[in-house]
Amino acid sequence: MKQLLQSHATAQLFAPILSAALDSGGPVSATDLARARKAAEAAHERLDQALVGLGLLSEAQRGELLEQLFGVEALRADEAPGEPVLPELLRSGYLATASVLPVRADAQSLVLAMVDPFDDFAASALALKIGRPVRRKRIGRVAFAELFAVLYGANGAVAGPSDFEPEEAASSDIDVLRDAASDAPVIRFVQEAIALAVAQGASDIHLRPTRSGAEMLFRIDGELVPQAAPEGRSLASIVSRLKILANLDISERRLPQDGRIRSNVAGRPIDIRLSTMPHVHGEGAVLRLLSRELAAGSLGELGFSSTIGAGLARLFAATDGLVLVTGPTGSGKSTTLHAALKQLVRPGLNVVTIEDPVEYRVDGAVQIQIDEKLGLTFPRVLRSLLRQDPDIILVGEIRDAETARIAVQAALTGHLVLATLHTNSAPAAVPRLIDMGVESYLLAAVLRGVLAQRLMRRAGGGRVAVGELVLLDATLTERLAAGALDAELRDRLAATGYRPLIEDARQRLAAGEIDPSELRGLADAQF
91 MKQLLQSHAT
101 AQLFAPILSA
111 ALDSGGPVSA
121 TDLARARKAA
131 EAAHERLDQA
141 LVGLGLLSEA
151 QRGELLEQLF
161 GVEALRADEA
171 PGEPVLPELL
181 RSGYLATASV
191 LPVRADAQSL
201 VLAMVDPFDD
211 FAASALALKI
221 GRPVRRKRIG
231 RVAFAELFAV
241 LYGANGAVAG
251 PSDFEPEEAA
261 SSDIDVLRDA
271 ASDAPVIRFV
281 QEAIALAVAQ
291 GASDIHLRPT
301 RSGAEMLFRI
311 DGELVPQAAP
321 EGRSLASIVS
331 RLKILANLDI
341 SERRLPQDGR
351 IRSNVAGRPI
361 DIRLSTMPHV
371 HGEGAVLRLL
381 SRELAAGSLG
391 ELGFSSTIGA
401 GLARLFAATD
411 GLVLVTGPTG
421 SGKSTTLHAA
431 LKQLVRPGLN
441 VVTIEDPVEY
451 RVDGAVQIQI
461 DEKLGLTFPR
471 VLRSLLRQDP
481 DIILVGEIRD
491 AETARIAVQA
501 ALTGHLVLAT
511 LHTNSAPAAV
521 PRLIDMGVES
531 YLLAAVLRGV
541 LAQRLMRRAG
551 GGRVAVGELV
561 LLDATLTERL
571 AAGALDAELR
581 DRLAATGYRP
591 LIEDARQRLA
601 AGEIDPSELR
611 GLADAQF
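Positions 91 to 617 (the working numbering) are the ones given, in order, by the sequence shown.
Quick look at the structure:
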């Protein structure tokens, strides 16, 4: 029995042997053992992994059982190598991912220290790579990380320049990543990170590889706040887990990928937009968290000035035309439009939204989510929607010329169209649409007004909306389309009540509403 591991132990052989040993008396009660068996089956993991994951067995106790039952000896301190073993054959990146360390090699065999000595795949892959049998020893996770750092540096620098350049994953690496992504600690980390971010009101989770390991940050009220980081060697497994949940290709680590994850936190459905990116030290990920049950506040709750609030009320009271909300990502554009929809929805009106993704649920509105993989694009849905007899249409974002033209057409044919656009200022929305191919005379006929906004941190916590609103007529739109902002045009804009966003922010600062640091960079928002 004690030679079983050195030949070819399997999880199927491991479970009944370990179960029999624990059933005969030991550190785990019969009730806890039964619970661990169920957990192992549900998570598709080994019994010992479930016992450790549930806190029913310590790493030290597991090690003792491995040695007692299977002859798995621990790596002694005097056996640790002083330099990397076979570095010309064994890539440090793979060793880190598989949590294995070559300890000693001769013509007959390779001694391998393994965090999981029952990882037959890693042992077999290395045996095939070097063309000789492998003898396994166990090593704790902390001891592995410390010894690996001593031998290879925090990021395995001795493997050569290729470690710092994204490369195509080998098939063995893919299998290891897929297996590691299914480990209980990885699954638990992902679940707990999302739950913690939701509890703290974070909008985004950033997972980044660094030279010395990894870091995790939450974006809370517009600021990135450091959190307890995962171990650097586990980041690849965590990103792979996220890719699996988002149905992305875990073998592709050279190019960015985007996907979606649907999750539940404390019974609340959460939509997550996942974006992965190769970094110089590995692959990172950013998760945008969107609660499908969150309700946008009323327009009055968003914090706009009374002047802007009155102008928005006038715009949203229209029965047709185009109303735009502009600003960079994260400026609260969707929140503003959904707050407006809540006021507009009533029996007798057909209100439809086209979004990517659906960020807020609005009772009484028909909401459609874009899926470009299926060909469900903004232009295609918007074109078909015009045959569905809508009264009010919300277009989540005007991204391209075709969407812009169809939105203008919809506004021309008696619909009220609300949409977002990426521009720094409100007046800049007009030349932006002209650049997209919308004729200036058509735009002059339909564009009712444009709001540009930002979310700024309040001096006492939370965020408040500041903005600039331009109410347009045909003459103003035509002048803006020409691209010249002369003194006469500035006067005409001011006569409509328009005030640049930076002036609104300065007034809020003088009133003690916003943090002084929020004014940095606002000069770029001027037209």
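All C-beta atoms, glycine included, are put in the ideal place defined by N, C-alpha and C.
Cβ neighbours of residue i in the same chain (closer than 7 Å, five flanking residues each side left out)
i, result
"alanine 534", "Ala564, Thr567, Glu568"
"valine 415", "Lys423, Thr426, Leu427, Thr510, Leu541, Gln543"
"leucine 439", "Asp481, Ile482"
Best match in the options for proximity to residue i [C-alpha to C-alpha]
i, options, result
"glutamate 342", "Val355, Pro320, Gly374", "Gly374"
"aspartate 605", "Leu545, Ala577, Ser421", "Leu545"
"threonine 510", "Gly587, Arg547, Asp446", "Asp446"
"proline 517", "Leu532, Ile483, Ala571, Thr397", "Ala571"
"valine 142", "Asp206, Ala170, Pro521", "Asp206"
"threonine 586", "Leu599, Arg181, Glu593, Leu562", "Leu562"
"glycine 539", "Leu412, Ile284, Ala126, Leu392", "Leu412"
"leucine 523", "Arg553, Arg547, Glu492, Leu506", "Glu492"
"threonine 409", "Leu506, Val498, Ala319", "Leu506"
"asparagine 354", "Ala285, Ile398, Asp168, Leu307", "Ala285"
"proline 590", "Thr397, Ile229, Ala403, Gly438", "Thr397"
N- and C-terminal bounds of the alpha helix (DSSP H) containing residue i
i, result
"glycine 399", "396-406"
"glycine 153", "149-160"
"arginine 548", "That residue, arginine 548, is in no alpha helix (DSSP H); it is neither H nor E in DSSP."
"glutamate 603", "Careful: glutamate 603 lies outside any alpha helix (DSSP H) and carries neither H nor E."
"glutamine 433", "423-434"
"serine 327", "325-335"
"glutamate 568", "564-571"
"proline 469", "468-475"
"leucine 392", "First-last for leucine 392: undefined, no H or E at that position."
Which of helix, strand or coil DSSP assigns to residue i
i, result
"isoleucine 340", "coil"
"proline 316", "strand"
"glutamate 487", "coil"
"arginine 580", "helix"
"phenylalanine 308", "strand"
"valine 370", "coil"
"isoleucine 229", "coil"
"isoleucine 460", "coil"
"glutamine 198", "coil"
"serine 261", "Reliability of the predicted coordinates at serine 261 is poor, the pLDDT of 48 falling under 50, and no value is obtained from them."
"glutamine 543", "strand"
"aspartate 361", "strand"
"leucine 165", "coil"
"arginine 352", "strand"
"glutamine 347", "strand"
"valine 448", "coil"
Residue i burial status per 10 Å Cβ neighbour count (16 or more: buried)
i, result
"asparagine 337", "exposed"
"phenylalanine 234", "buried"
"histidine 369", "exposed"
"serine 302", "exposed"
"lysine 128", "exposed"
"threonine 121", "exposed"
"glutamate 149", "exposed"
"tyrosine 450", "buried"
"leucine 508", "buried"
"aspartate 594", "buried"
Neighbourhood of residue i by C-beta distance below 8 Å, restricted to the same chain and skipping five residues each side
i, result
"valine 471", "Ile444, Ile458, Ile460"
"aspartate 196", "none"
Residue i: first and last residue of the uninterrupted beta strand (DSSP E) it sits in
i, result
"serine 515", "Unbroken run through serine 515: none, as it is neither H nor E."
"histidine 296", "294-300"
"threonine 443", "441-445"
"isoleucine 411", "Note on residue identity: the sequence assigns glycine, not isoleucine, to residue 411. Note, glycine 411: beta strand (DSSP E), 411-416."
Same chain, Cβ closer than 6 Å to residue i, neighbours up to 5 away in sequence not counted
i, result
"tyrosine 588", "Val560"
"proline 171", "Val193"
"valine 456", "Val442"
"glutamate 487", "Thr510"
"lysine 333", "Ile340"
Any non-hydrogen atom of the ligand ATP closer than 7 Å to residue i Cβ
i, result
"glycine 539", "No copy of the ligand ATP appears in this structure; indeed no ligand is present at all."
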